[in-house]
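First up is the structure itself, then whatever we jot down about it.
In structure tokens:
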């Protein structure tokens with residue numbers, strides 16, 4: 013039984029922390045929303061609620077966090093009452109959030125100066141993966157530190173990819189989300205076009221699933237769209253944030269991303285229409301509104 017910590021109990025973080033506790037570990041938790049931490053402590057007796065990230069660090073040898081964006085990550089790690097103020101030398105901090113690679117490098121350097129190890133380990137799999145303990149992690153940092161902490165990843169994820177040194181896990185995650193978001197935009201355009209022309213969406217999906225255009229993302233998301241179910245597994249606003257990180261990274265690497273820039277504008281339009289907290293598949297509503305058609309079961 014290990015002494016672990018977890019910060020951030022949102023759609024992803026709550027089931028991730030619960031899986032760690034159910035695996036038999038003592039888990040000290042903190043969340044910006046105290047009610048979520050209290051709920052988790054009621055569900056699993058080995059969870060203890062702490063008043064700040066600093067207190068979590070003081071009680072744990074390895075700490076995971078999964079928060080919304082770069083600013084939140086920096087605040088809970090380096091800010092007032094942050095992890096850096098309570099972490100002992102030798103502690104491992106694992107950031108499973110999707111943040112700017114440049115920020116992750118900076119955070120790692122500041123923690124290293126205190127004798128604290130740091131891994132950037134963004135994950136993918138959305139809410140179903142977090143709940144089922146089947147997430148995919150992309151890890152960047154010291155390989156020996158990762159191997160020591162590998163057993164703590166395993167209750168949360170089934171695929172663990174060591175990508176190399178600091179920041180490389182984040183570059184891998186942003187690339188994965190870049191392709192995913194552009195595929196989603198292609199699906200939106202294609203299905204709005206075919207539906208407006210009169211092709212049954214179910215038939216169109218069957219054709220796609222049996223052609224070179226077959227996509228796991230489309231096969232998974234299309235039924236949600238057809239039944240108009242936009243309950244959040246991965247929200248529009250957080251993917252919009254990730255696309256912004258892709259474009260920032262591309263600018264740093266001097267790589268043009270023309271399709272991705274346009275996709276971000278479509279996500280921005282979905283947010284402007286009030287769909288920011290809905291699932292990413294709700295972005296189809298932007299084109300549906302323009303075309304005057306709904307992609308749904310006929």
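Numbering (our numbering), first residue to last: 13 to 310.
Beta carbons are placed, not taken as given, at the ideal position from N, Cα and C, and that holds for glycine.
Residue environment, residue 204, which counts as buried when at least 16 other CB atoms sit within 10 Å
buried
Nearest candidate by alpha-carbon position, reference residue 74, set 47, 105 and 93
105
Could you spell out where the beta strand (DSSP E) holding residue 129 opens and where it closes?
129-132
With distance defined between alpha-carbon atoms, name the residue in 131, 140, 263 and 259 nearest to residue 193.
259
Cα separation between residue 80 and residue 150?
17 Å
Residue from 39, 232 and 109 with nearest C-alpha to residue 185
109
Which one of 33, 199 and 30 has the shortest CA to CA distance from residue 278?
199
Whole-angstrom Cβ separation of residue 257 and residue 133, contact assumed at under 8 Å?
Contact doesn't hold; Cβ gap of about 16 Å is too wide.
When we look at the beta-carbon of residue 131 and count the other beta-carbons within 10 Å, is it buried (16 or more) or exposed?
buried
Residue 225 - DSSP class collapsed to helix/strand/coil
coil
What are the boundary residues of the alpha helix (DSSP H) that includes residue 258?
248-265
Would you say residue 269 and residue 179 are within 7 Å of each other, going by their C-beta atoms?
no
Alpha carbon to alpha carbon, what distance is there between residue 140 and residue 287?
21 Å
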